[in-house]
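Counting in the working numbering, the sequence shown runs from 3 upward without gaps.
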Amino acid sequence: MSDLPDTDFTQRFIFDERDVRGEMVALERSYAEVLAKHAYPQPVQQLLGELMAAAALLVGTLKFDGLLILQAQSQGPVPLLAIEYTSEHDIRGLARYEAEQIEAHASLADLMPGGHLVLTIIPVNGQRYQGTVELDGKDLSECFTNYFVMSQQINTCISLTADGQRARGLLVQQLPADRQKDSEEREESWAHVKALANTVKAEELLGLDNETVLHRLYHEDAVRLFDIQPLRFKCSCSRERSGNALVSLGEADATALVAECGGTVEIDCQFCNERYLFDATDVAQLFAGGGTEAPSETQH
């Protein structure tokens, strides 16, 4: 995607002698792009980074072409965290929050009490899927681990961390019986992998490369690390999509809206803060089939 150094990517690994796979994610530039769009408090920056990492790890467990939408919702100081991740490895995200209600060292329970996760998969072909699970863990790492174990019934362990500059994630997951047929052997093997995964520290994920982290955790195991898969921040908003939103109102209502707004309708993207302006001439052009090729001035 870029000639710049690899700072944003996922990377798979597999245990050669166990029925276990894994994946790691690193986010820096894409994380910085998301944070640059809004003045998020530090606890919100951390949650948003962790959710971005979780979305990238979730896509790694799926085989689909389309869009994954991951939302954490609550009635607390952070009513919404939203991440969108495509099968083309484009990511964007946002948070809604009440700054005056957020303390410096607020926990997940403080920020999103009684919250829940909503996972939506919109494939290019096929049926839309949506699943919901309660935010019932002490942090997002525990919540997503519970999601896989309770909702998907797949033994999984996830670690997520973010510090406002970098976001990292580690996932290990049990595979169907192949190398290990005996149920007791499989149970002991998974317990071993999970116990070691739970020892990983935030500073290790944030400060060490993947090979070093895996060697520290599993130096007695045969672990094979695959090539990285780059990802990037990319917003899917466009002037064309904004114009289509106006068209969906119908010509009379769109024209009336322009008049109500003083001659110019502003459509803002909440993800990237891009602003698209449409005046009466633009609206007339839309409904005449002229598209948006000759736009009014577009502002950031």
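Glycine included, C-beta positions come from ideal geometry on N, C-alpha and C.
Predicted model, so just to flag it, every value in this text is computed and none were measured.
- C-alpha of Gly264 to C-alpha of Ser244: approximately 18 Å in a straight line.
- Per DSSP, the unbroken beta strand (DSSP E) holding Ser161 starts and ends at Thr158 to Ala164.
- Here the alpha carbons of Glu242 and Arg94 stand approximately 19 Å from one another.
- Here DSSP, grouped into helix, strand and coil, assigns Met114 to coil.
- Annotated as distal: Ala97 and Leu110, with beta-carbon spacing of 8 Å or more.
- Annotation for Glu206: Val215 place their beta carbon closer than 6 Å to its own, counting only its chain and skipping 5 residues before and after.
- The beta-carbon separation of Tyr33 and Val61, rounded to 16 Å, does not stay under the 8 Å limit for a contact.
- Cβ neighbours of Val285 within its own chain (closer than 7 Å, five residues either side excluded): Leu248, Ala256, Thr257 and Val260.
- Taking C-alpha positions only, Tyr131 is separated from Phe66 by approximately 12 Å.
- Within the stretch 254 to 282, the complete beta strand (DSSP E) runs of at least 3 residues fall at 266 to 270 and 277 to 281.
- Around the Cβ of Pro45, a 10 Å sphere holds 16 or more other Cβ atoms; the residue is buried.
- Taking 8 Å as the cut-off, the Cβ atoms of Val80 and Leu121 do not count as close.
- Out of Cys271, Val202, Thr134 and His221, the CA that lies nearest to the CA of Lys39 is found in Cys271.
- Counting C-beta atoms within 10 angstroms of its own C-beta, Thr201 has fewer than 16 neighbours from the protein chains shown and is therefore classed as exposed.
- Minimum Cα-Cα distance from Ile104 among the listed residues Gln48, Leu279 and Leu72 corresponds to Gln48.
- Taking Gln175 as reference, the option from Ala199, Glu187 and Val27 with the minimal CA-CA separation is Ala199.
- In this structure, the beta-carbon distance from Thr9 to Glu30 falls below 8 Å.
- Its Cα nearest to that of Gln155, the residue Pro178 stands out among Pro178, Gln73 and Leu72.
- Contact annotation, Phe280 with Thr266: C-beta distance approximately 7 Å; criterion of less than 8 Å satisfied.
- Taking the C-beta atoms as reference points, Ala55 is found nearer than 8 Å to Gly171.
- Taking all protein chains in view, the Cβ of Gln167 is surrounded by fewer than 16 other Cβ atoms within 10 Å, so the residue is classified as exposed.
- When the beta-carbon positions are compared, Leu119 and Tyr149 come within less than 8 Å of each other.
- By alpha-carbon distance to Cys145, the top candidate from Leu137, Leu64 and Phe235 is Leu137.
- Beta-bridge annotation (DSSP): Tyr131 is paired with Ile123.
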